[in-house]
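Chemist:
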Amino acid sequence: MMERGLVGSFGGPALAARVAAAAARHGLARIAGFRDFHLFAGRGLAIDQRDTDGIIVGERFAGSGCDRCSSPDWGSWLSFTAPSRGHLHAARAALTGLPLYWVRCGDGLLLFSHLALALDAGLSLRLDVDFVRHLLAYNNLRTERTGIAGVQELLPGTSLSSSCVGDLFRCDVRCDWSPWPFAATAHPRGTAAHEVERMVDLCVAAWASSRPTILVELSGGLDSSIVAASLSQWGSRVAAVNVATSSPDGDERRYARAVAARLDIELAETLYSADNCDLTRPPAFPSPRPASFAVLDGIDAALGAAASAAGTASLFSGIGGDNVFALTRSVAPLLDAVRARGPGVTALRALADLARVGNVSLWRALRLSGRQWRSGTEARWPRDESYAVSGALPREAFLHPWDAGIDKVPYGKRLQVQAIRRIMDFLDRPARWYDRDVVAPLLSQPLVELCLSIPSWEWIAGGHDRAVARAAFADRLPAEVAWRRNKGRLETMCAQLFLAQRDALTELLLEGRMAREGLLDRDRIETYLARDGIEGDYDYFRLLEFVDLERWIASLPWTSGSVPSFAQRAYCADFSGSGST
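Sequential numbering from 1 applies to the sequence shown in full-length UniProt numbering.
1) For a test of the three-state rule: what should DSSP assign to residue 540, helix, strand or coil?
2) Measure how close the beta-carbons of residue 212 and residue 312 come, nearest whole angstrom, since I'm counting them as under 8 Å.
3) Could you pull out every unbroken beta strand (DSSP E) segment of at least 3 residues lying fully inside the region 36-65, listed in chain order?
4) Taking 8 Å as the limit between beta carbons, can you name the residues of its chain near residue 11, skipping five residues before and five after?
5) What is the C-beta distance between residue 270 and residue 241, in whole angstroms, given that I count them as a contact (C-beta under 8 Å)?
6) Since residue 305 sits in a beta bridge, which residues does DSSP pair it with?
7) When we look at the beta-carbon of residue 194 and count the other beta-carbons within 10 Å, is it buried (16 or more) or exposed?
8) If you draw a straight line from the alpha carbon of residue 19 to that of residue 535, how long is it in whole angstroms?
9) How would you write the range of the alpha helix (DSSP H) that residue 406 sits in, first residue to last?
10) Select from 160, 532, 185 and 553 the residue whose C-alpha is nearest the C-alpha of residue 103.
11) Flag this pair as touching only if the region 274-288 and the region 509-520 have three or more C-beta atom pairs under 8 Å; answer yes or no.
12) Within the same chain, show all residues whose beta-carbon is closer than 7 Å to that of residue 330, passing over the 5 residues directly before and after it, in chain order.
13) Output yes or no for whether 8 Å exceeds the beta carbon distance between residue 282 and residue 460.
14) Express the C-alpha separation of residue 229 and residue 209 in angstroms, rounding to a whole number.
15) On the DSSP letters alone, give me the boundaries of the beta strand (DSSP E) that residue 527 sits inside.
16) Helix, strand or coil, according to DSSP, for residue 253 in the structure here?
17) Helix, strand or coil: which one does DSSP assign to residue 396?
18) Go to residue 88, then tell me how far its beta strand (DSSP E) extends in each direction, as first and last residue.
19) Restricting to Cα atoms, I'd like to know which of 129, 111, 326 and 205 is closest to residue 121.
20) Specify whether the region 444-454 and the region 398-407 touch according to this definition: at least 3 beta carbon pairs, one from each stretch, less than 8 Å apart.
21) Between the region 362-369 and the region 377-393, are three or more C-beta pairs nearer than 8 Å?
22) Give the DSSP-derived three-state secondary structure of residue 451 in the structure shown.
23) Is residue 49 buried or exposed, if buried means 16 or more other CB atoms sit within 10 Å of its CB?
24) Whole angstroms is fine: what's the gap from residue 297's alpha carbon to residue 188's?
25) Within the same chain, show all residues whose beta-carbon is closer than 6 Å to that of residue 564, passing over the 5 residues directly before and after it, in chain order.
26) For the candidate residues 473, 531, 528 and 424, whose alpha-carbon lies nearest to that of residue 139?
27) Express the C-alpha separation of residue 223 and residue 471 in angstroms, rounding to a whole number.
28) Would you check if the distance between the CB atom of residue 154 and the CB atom of residue 115 is smaller than 8 Å?
29) Using only the alpha-carbon positions, how far apart do residue 29 and residue 1 sit?
30) CB residue 510 to CB residue 550, shorter than 8 Å?
31) Drop a sphere of 10 angstroms on the beta-carbon of residue 371, count the other beta-carbons inside from all chains shown, and report buried for 16 or more, exposed for fewer.
32) Can you have a look at residue 9 and say buried or exposed, based on whether 16 or more other CB atoms are within 10 angstroms of its CB?
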């Protein structure tokens, strides 16, 4: 039974029948039947059918209480309206919206949240090799395009309008929300910390109010601790769990204990075990693009077991905090201050703060800033061709709705938005979150809009990263957590797994699909894998990314035959004929 699945059909009766049968097999109930549109959902999803032509799936909150925010209706929702036969409009909430994919399938349009539902409804899979090439070059750059030819994701903050006349389908995608208006109006103020504290509490309260029990993934870091502090007002309904590794860099228990004691919430602790972690094992669930991380299987298993033991508990995570709270090691805050205020007091203060954040001298911070100023402040997505065949990779990234407007905002804001885009690629990837009620309150739309409006140099005030968020919750958290400068890391665990399973990884990487397609630099990979150790470099993370991509390719039932290329569309498409496109 799938608690939080969603599947629907628009168009012909044959697809509608297959979708209905697949929904029944997964325990989904029919929630809408508007003319030629049919929708089914799991019992774990909230449903609001406001009229005979429209329905909202998920949680939709009204208003934010912030003059600088545009969020009249925010949350994690999908809306569907079918105003007349042959017409369908679907929209997804900004940032935290429920996932939705769509594809022309047979005699209609198939919409789904989980690939398992689409497979059961008869979707045939063809690998989009251009997607694989793009992912090798631009990791974590998530666009509407997936690894399955023809399957598109309705990205957060976008809407799909589809019309059907006979065998002719027209599908138009529009961007309804963009971060740039908020980033472009960033201006300093003395109340930023108070505003952030208030907004975090408002957003957390909205998410928590309807949930009877809550389990916080409390790593011991700042972001999850802020979520826990805001949740602590809900008393016995809230508990926390921490996973520690056997290596010191991944053992944050003392910080988690300090937070739990300060907030008076119950804390469960579990120790990570690598005993059952097989880096070559197929992913735990099918997905339209690579999802679960093999090196995190043990952590996923531990946290998943804790969530299961908690019964109906909803999982709250601090994911996105680093990104929304503008964690950076770049010189952007100083450059933004100079451009906005000139070489005066604000810039000098930003220089001192920058040096302290980076633990470098004032002169070095100034030299690095001057070098960046002279070389330009473009914030293009980083392209990585290491361990791949350069000529096989694209030179330009796929299009994204947020590409428009990027040149009109300060450099630091571009980097902040880029970081938010990067973390949005992780929201549906952990195996422990699959088909569970997971909330990422720090990615709530009103909070993101507020944080984008705070100048980049204020986020490093006093020489602390995420300074505004630290100041906002300093009185509600232990000082050793609120003002700590180090972060928990998993490098030791990942390196040990990589070295222990090198032989199996060698076969997967050198004989897998990507190597056979001529995408990987086999000689360089073979040389690296033959080394005695990996002391002093982190290239193994790049190879682990390849492993996850190869595992994903090998796990799905691809249609035999040629491997097509699916050309990028510019947010407008015409589909005709009866086959998948």
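Glycine residues also receive a C-beta, built at the ideal position from the N, C-alpha and C atoms. A quick note: this is a predicted structure, and the numbers were derived from the prediction, not measured.
Modeler: Judging by the given coordinates:
1) Numbered from 1 along the sequence shown, position 540 holds the residue referred to as residue 540. Reduced to three states, the DSSP call for residue 540 is helix.
2) Mapped onto the sequence shown, residue 212 falls at position 212. Mapped onto the sequence shown, residue 312 falls at position 312. Contact holds; Cβ gap of about 7 Å.
3) You should have 37-41, 47-51 and 54-62.
4) Here residue 11 refers to the residue found at position 11 of the sequence shown. Taken in chain order, the residues that qualify are 36, 107, 108, 109, 164 and 169.
5) What you label residue 270 is simply residue 270 of the sequence shown in a count that begins at 1. What you label residue 241 is simply residue 241 of the sequence shown in a count that begins at 1. The Cβ separation is near 7 Å, so the contact holds.
6) Start at 1 with the first residue of the sequence shown, and residue 305 comes out as number 305. For residue 305, no pairing in a beta bridge is given by DSSP.
7) In the sequence shown, counting from the first residue as 1, residue 194 sits at position 194. With fewer than 16 Cβ atoms within 10 Å of its Cβ, residue 194 is classed as exposed.
8) Here the question's residue 19 lines up with position 19 in the sequence shown. Here the question's residue 535 lines up with position 535 in the sequence shown. Those two C-alpha atoms are separated by around 52 Å.
9) For the purposes of this step, residue 406 is identified with residue 406 of the sequence shown, where counting begins at 1. Segment: none, residue 406 is in no alpha helix (DSSP H) and carries neither H nor E.
10) Here residue 103 refers to the residue found at position 103 of the sequence shown. When only C-alpha atoms are compared, the closest one is 160.
11) The region 274-288, when compared against the region 509-520, does not touch it at the 8 Å Cβ threshold.
12) The sequence position of residue 330 within the sequence shown is 330, counting from 1. Shown here for residue 330: same chain residues with a beta carbon closer than 7 Å to its own, the five before and five after excluded, namely 415 in chain order.
13) Residue 282 sits at position 282 when you count from the first residue of the sequence shown. Residue 460 sits at position 460 when you count from the first residue of the sequence shown. No, Cβ-Cβ distance for residue 282 and residue 460 is not below 8 Å.
14) Reading the sequence shown from its first residue, position 209 is the one you call residue 209. Reading the sequence shown from its first residue, position 229 is the one you call residue 229. Near 15 Å, if we compare the C-alpha coordinates of residue 229 and residue 209.
15) The sequence position of residue 527 within the sequence shown is 527, counting from 1. Boundaries for residue 527: no beta strand (DSSP E) harbours it, while the alpha helix (DSSP H) harbouring it runs 522-529, taken from the DSSP string.
16) On the sequence shown, position 253 is the one that residue 253 refers to. The answer is helix: DSSP assigns residue 253 an H, G or I state.
17) Numbered from 1 along the sequence shown, position 396 holds the residue referred to as residue 396. If DSSP states are grouped into helix, strand and coil, residue 396 belongs with coil.
18) Locating residue 88 in the sequence shown gives position 88, where the first residue counts as 1. First-last of the beta strand (DSSP E) with residue 88: 87-92.
19) Counting from one through the sequence shown, the residue named residue 121 turns up at place 121. Residue 121 has its Cα closest to that of 111, out of 129, 111, 326 and 205.
20) These segments do not touch.
21) Between the region 362-369 and the region 377-393, the count of C-beta pairs closer than 8 Å stays below three; the two stretches do not touch.
22) To locate residue 451, count along the sequence shown from 1; it is residue 451. Residue state, collapsed to three classes: helix.
23) On the sequence shown, residue 49 is found 49 positions in, with the first residue counted as 1. With a 10 Å radius around the Cβ and a threshold of 16 neighbouring Cβ atoms, residue 49 comes out exposed.
24) One-based indexing of the sequence shown puts residue 297 at position 297. One-based indexing of the sequence shown puts residue 188 at position 188. Taking the straight line from one Cα to the other gives about 43 Å.
25) Locating residue 564 in the sequence shown gives position 564, where the first residue counts as 1. Bear in mind that the predicted position of residue 564 carries a pLDDT of just 42, short of 50, making it too unreliable to give a figure here.
26) Sequence index remark: in the sequence shown, residue 139 carries index 139 (1-based). When only C-alpha atoms are compared, the closest one is 424.
27) Along the sequence shown, read from residue 1 onward, the residue named residue 471 stands at position 471. Along the sequence shown, read from residue 1 onward, the residue named residue 223 stands at position 223. Taken atom to atom, the span from the alpha-carbon of residue 471 to that of residue 223 is near 13 Å.
28) The residue you call residue 154 lines up with position 154 of the sequence shown. The residue you call residue 115 lines up with position 115 of the sequence shown. It is not a contact, given that the beta carbons lie outside the stated cut-off.
29) Here the question's residue 29 lines up with position 29 in the sequence shown. Here the question's residue 1 lines up with position 1 in the sequence shown. Taking the straight line from one Cα to the other gives about 11 Å.
30) The sequence position of residue 510 within the sequence shown is 510, counting from 1. The sequence position of residue 550 within the sequence shown is 550, counting from 1. Not a contact, by the Cβ cut-off of 8 Å.
31) The sequence position of residue 371 within the sequence shown is 371, counting from 1. Looking at its Cβ environment, which holds fewer than 16 other Cβ atoms inside 10 Å, residue 371 is exposed.
32) On the sequence shown, residue 9 is found 9 positions in, with the first residue counted as 1. Buried: at least 16 other Cβ atoms inside 10 Å.
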